[in-house]
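Reviewing the structure listed below.
Next up, the structure:
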């Protein structure tokens with residue numbers, strides 16, 4: 007079964023290193039969530055993205 011956006015984001019939040027394709031997908035989910043959940047939560051997601059470095063492999 008496909009993972010929901012929330013499940014995917016929770017999984018990504020628990021990891022330290024990301025493949026660049028995962029970060030691209032995560033960023034797309036973030037944009038979708040901004041429209042759904044509002045700007046306050048989107049700001050929290052944005053700060054999460056800034057805290058984590060992307061490792062291109």
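Numbering (the numbering used here), first residue to last: 7 to 63.
Using N, Cα and C, we set each Cβ at its ideal position, and we do this for glycine too.
Rounded to the nearest whole angstrom, the CA to CA distance from residue 51 to residue 36 is 7 Å.
Judged by DSSP secondary structure, residue 11 falls within the alpha helix (DSSP H) whose first and last residues are 11-19. For the pair residue 28 and residue 18, the CB atoms are nearer than the 9 Å cut-off.
In this structure, the beta-carbon distance from residue 14 to residue 33 does not fall below 9 Å.
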